[in-house]
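Note that the sequence shown covers residues 3 to 395 in the numbering used here. Remarks on the structure that follows.
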Amino acid sequence: MSYDVFVVGGGPSGATAAEDLARAGKRVALLDRAGRIKPCGGAVPPRAIKDFAIPDALIVAKVDVARMISPTGRSVDIHIENGYVGMVDREHFDEFLRDRAVKAGADRLTGTYLRIERDAAGTHVVWRDKASGDEVRSLTRLIIGADGARSVVARDEVPGGDTIPYVIAYHEIIKAPAANKDYDPNRCDVIYDGRISPDFYGWVFPHGDQASVGMGTGVDGVDLKQATAALRASSGLTGCETIRKEGAPIPLKPLDRWDNGRDVVLAGDAAGVVAPSSGEGIYYAMLGGRVAATAAQACLASGKARDLKLARKLFMKDNKTVFKVLRSMQDAYYKSDERRERFVSLCHDVDVQKLTFEAYMNKKLVAARPLAHLKIGVKNVAHLMGWVKPSWV
Ligand SMILES: Cc1cc2nc3c(=O)[nH]c(=O)nc-3n(C[C@H](O)[C@H](O)[C@H](O)COP(=O)(O)OP(=O)(O)OC[C@H]3O[C@@H](n4cnc5c(N)ncnc54)[C@H](O)[C@@H]3O)c2cc1C
3 MSYDVFVVGG GPSGATAAED LARAGKRVAL LDRAGRIKPC GGAVPPRAIK DFAIPDALIV
63 AKVDVARMIS PTGRSVDIHI ENGYVGMVDR EHFDEFLRDR AVKAGADRLT GTYLRIERDA
123 AGTHVVWRDK ASGDEVRSLT RLIIGADGAR SVVARDEVPG GDTIPYVIAY HEIIKAPAAN
183 KDYDPNRCDV IYDGRISPDF YGWVFPHGDQ ASVGMGTGVD GVDLKQATAA LRASSGLTGC
243 ETIRKEGAPI PLKPLDRWDN GRDVVLAGDA AGVVAPSSGE GIYYAMLGGR VAATAAQACL
303 ASGKARDLKL ARKLFMKDNK TVFKVLRSMQ DAYYKSDERR ERFVSLCHDV DVQKLTFEAY
363 MNKKLVAARP LAHLKIGVKN VAHLMGWVKP SWV
């Protein structure tokens, strides 16, 4: 069997790319090694639900409040107006996406990517079939590398593909307690506290009858399990039954190049595409899969390898500014408890709330009111320079 496009990795980016290409009538393979649930908090914004037609049945919790908690334990509740953040369980979410790609016409293959070989006949993906253990060689015109963080396709094929910086995120899936004064099944808690994470944040995300409690850090030597135990204790969740413990890297910076100038283009975590500050990657992975599919179609039609560059170009056109703003927020505010205290304090501001939530929910940077950007900018500078004290109401 020969393919137009061989997609390596069946997470949100690969499954979306495969579905789009199959719908466009291309011969597509979707290879996933299977057998592991992707460690993930599973929070998806309304924009993702709308753009990628995520069915309501996959949303296990609808969050309408985000509670930001400071190092001194002060908190700001941000109420989400006219919408909700959806929580998905990756075990079912990813499988649904893969199945949808197959229904659209993609060939699903189960096994492990090994390498790419090229000869007179063309480009081949060599992979190990999970059922038989055999090595298989699949002829293809193009390859989409959607094999996640620490992508082997990126490392092997794209210059600089192994240079992405990471935070390591760890979480525990627990049995959710009944709603109580500490736990609300419709509220996400985001904890900015150096004792939980010296450079990122901790979280408690509800998932129906389960919850994800975790943290991330890029600092060597931090004991992730101990930090999570401390977070569970401070959130009143120590006594809850633990269902799974797992961790994985979150990329922190998009690669400068997503293609090899020949026949490979990357998507999602493999391209380093996760929003700074939040670590949000599902929406960006799906969008990455979509733009990779668009670039692959352009390349198949023109026969020009340079059309693969379209993937990064299309993605950055809409998201570069949001990524820049989030990057500078992370650089400015995630470095000390004093800064974290100021950051949470800043979240009291209605314009800051509207701006950040619009950016998260709908992926738009819009001012809530005229001059709001200016006011936020001035407040930001005042906090960063230490001209004002954190204000608590
Ligand atoms: C602890 C944690 C919490 C997170 N919480 C959130 C959150 O709440 N919201 C959010 O938006 N994002 C979150 N993220 C980020 C999000 O999970 C990722 O950005 C997203 O999964 C990226 O999708 P992807 O398709 O690019 O990669 P992945 O989801 O990693 O999918 C890659 C796929 O490739 C397959 N694969 C890998 N190597 C091979 C190989 N050699 N051969 C065959 N198949 C292979 C894997 O089996 C996997 O299915 C979190 C991440 C972590 C680690």
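A virtual CB, placed ideally from N, CA and C, is assigned to each residue, including glycine. This one's a predicted model, so the numbers in the text were calculated from it and none came from an experiment.
Q.
At the level of alpha carbons, what is the spacing between His126 and Asp265?
A. If you number the sequence shown from 1, residue 126 lands on position 124. If you number the sequence shown from 1, residue 265 lands on position 263. Rounded to the nearest angstrom, the two C-alpha atoms are 11 Å apart.
Q. Just to check, is the beta-carbon of Glu282 closer than 8 Å to a non-hydrogen atom of ligand 1?
A. By 1-based counting over the sequence shown, the position of residue 282 is 280. True, at least one ligand heavy atom lies under 8 Å from that Cβ.
Q. Is the stretch 252 to 271 touching the stretch 131 to 147 in the sense that three or more CB pairs, one from each, lie closer than 8 Å?
A. yes
Q) Would the C-beta of Arg35 count as close to ligand 1, meaning under 8 Å from any of its heavy atoms? A) Working through the sequence shown from its first residue, we reach residue 35 at position 33. Checking the Cβ of Arg35 against ligand 1 gives yes.
Q: Verify the contact flag: Asp149, CB atom, against every heavy atom of ligand 1, threshold strictly below 8 Å.
A: Here the question's residue 149 lines up with position 147 in the sequence shown. Yes - ligand 1 has a heavy atom lying nearer than 8 Å to the Cβ of Asp149.
Q.
Would Leu233 and Gly216 be called neighbours here (beta carbons separated by less than 9 Å)?
A. Locating residue 233 in the sequence shown gives position 231, where the first residue counts as 1. Locating residue 216 in the sequence shown gives position 214, where the first residue counts as 1. A contact, by the Cβ cut-off of 9 Å.
Q | Three-way DSSP call (helix, strand, coil) for Ser153 in this model | A | The residue you call residue 153 lines up with position 151 of the sequence shown. Of the three classes helix, strand and coil, the one that applies to Ser153 here is coil, per DSSP.
Q) Looking only at DSSP bridge pairs, what is Trp129 linked to? A) Stepping through the sequence shown from its first residue, residue 129 is reached at position 127. Paired residue(s): Tyr115 and Val138.
Q.
Going by C-alpha to C-alpha distance, which of Gly75, His94, Ser77 and Ala68 sits closest to Val62?
A. Counted from its first residue, the sequence shown places residue 62 at position 60. Of the listed residues, the one whose Cα sits closest to Val62 is His94.
Q.
Is the separation between the beta-carbon of Thr74 and that of Ile176 shorter than 9 Å?
A. Numbered from 1 along the sequence shown, position 72 holds the residue referred to as residue 74. Numbered from 1 along the sequence shown, position 174 holds the residue referred to as residue 176. Against a cut-off of 9 Å, the Cβ pair of Ile176 and Thr74 comes out as no contact.
(Q) Measuring straight from C-alpha to C-alpha, what distance separates Lys52 and Val327? (A) To locate residue 52, count along the sequence shown from 1; it is residue 50. To locate residue 327, count along the sequence shown from 1; it is residue 325. Cα to Cα, Lys52 sits roughly 24 Å from Val327.
Q. Sorry if obvious, but does the Cβ on Ser134 come closer than 8 Å to a heavy atom of ligand 1?
A. Taking the first residue of the sequence shown as 1, we reach residue 134 at position 132. No; taking the cut-off as 8 Å, the Cβ of Ser134 has no heavy atom of ligand 1 nearer than that.
Q: Look up Val395 in the DSSP assignment and say whether it is helix, strand or coil.
A: The residue you call residue 395 lines up with position 393 of the sequence shown. Note that Val395 has pLDDT 43, beneath the 50 cutoff, so the model's placement of it is unreliable and the number below is only indicative. Looking at Val395 - three-state DSSP - the assignment turns out to be coil, as it is neither helix nor strand.
**Q.** Cutoff 6 Å; reference Ile39; Cβ partners in own chain excluding five residues on either side
**A.** By 1-based counting over the sequence shown, the position of residue 39 is 37. Arg92 and Glu93, listed in sequence order.
Q: Check each candidate in Lys255, Met3, Gly220 and Ser199 and name the one with the smallest Cα separation from Gln228.
A: Residue 228 sits at position 226 when you count from the first residue of the sequence shown. If we check each option's Cα against that of Gln228, Ser199 comes out closest.
Q: Whole angstroms is fine: what's the gap from Lys132's alpha carbon to Leu111's?
A: Indexing the sequence shown from 1 puts residue 132 at position 130. Indexing the sequence shown from 1 puts residue 111 at position 109. One C-alpha to the other measures close to 9 Å.
Q: Would you mind working out which of Gly44, Thr142 and Ile82 sits nearest Met3, comparing C-alpha positions?
A: Locating residue 3 in the sequence shown gives position 1, counting from the first residue. Of Gly44, Thr142 and Ile82, the residue nearest in Cα terms is Thr142.
**Q.** Among Tyr86, Pro256 and Glu248, nearest to Arg329 - alpha-carbon criterion
**A.** Here residue 329 is taken as the residue at index 327 of the sequence shown, counted from 1. Ranking Tyr86, Pro256 and Glu248 by Cα distance to Arg329 puts Pro256 first.
**Q.** Coil, strand or helix - Thr240 by DSSP
**A.** Position 238 of the sequence shown, counted from the start, is the residue given in the question as residue 240. DSSP places Thr240 in coil when its eight states are reduced to three.
Q: Report whether the distance from the Cβ of Ser153 to the nearest heavy atom of ligand 1 is below 8 Å.
A: On the sequence shown, residue 153 is found 151 positions in, with the first residue counted as 1. Yes, the beta carbon of Ser153 sits closer than 8 Å to at least one heavy atom of ligand 1.
Q: Taking only runs that begin and end inside the stretch 238 to 306, name each unbroken beta strand (DSSP E) of 3 or more residues, in chain order.
A: 244 to 253 and 266 to 268
Q: Report the three-state DSSP secondary structure of Gly216 (helix, strand or coil).
A: If you number the sequence shown from 1, residue 216 lands on position 214. Correct three-state label for Gly216: strand.
**Q.** Pairwise C-alpha distance: Ala213 and Gly44
**A.** Numbered from 1 along the sequence shown, position 42 holds the residue referred to as residue 44. Numbered from 1 along the sequence shown, position 211 holds the residue referred to as residue 213. Straight-line Cα distance between these residues: approximately 10 Å.
(Q) Tell me which residues share the same chain as Asp211 and place their Cβ nearer than 6 Å to its Cβ, disregarding the 5 neighbours each side in the sequence. (A) On the sequence shown, position 209 is the one that residue 211 refers to. Within the same chain, Asp211 has close Cβ partners Ala178.
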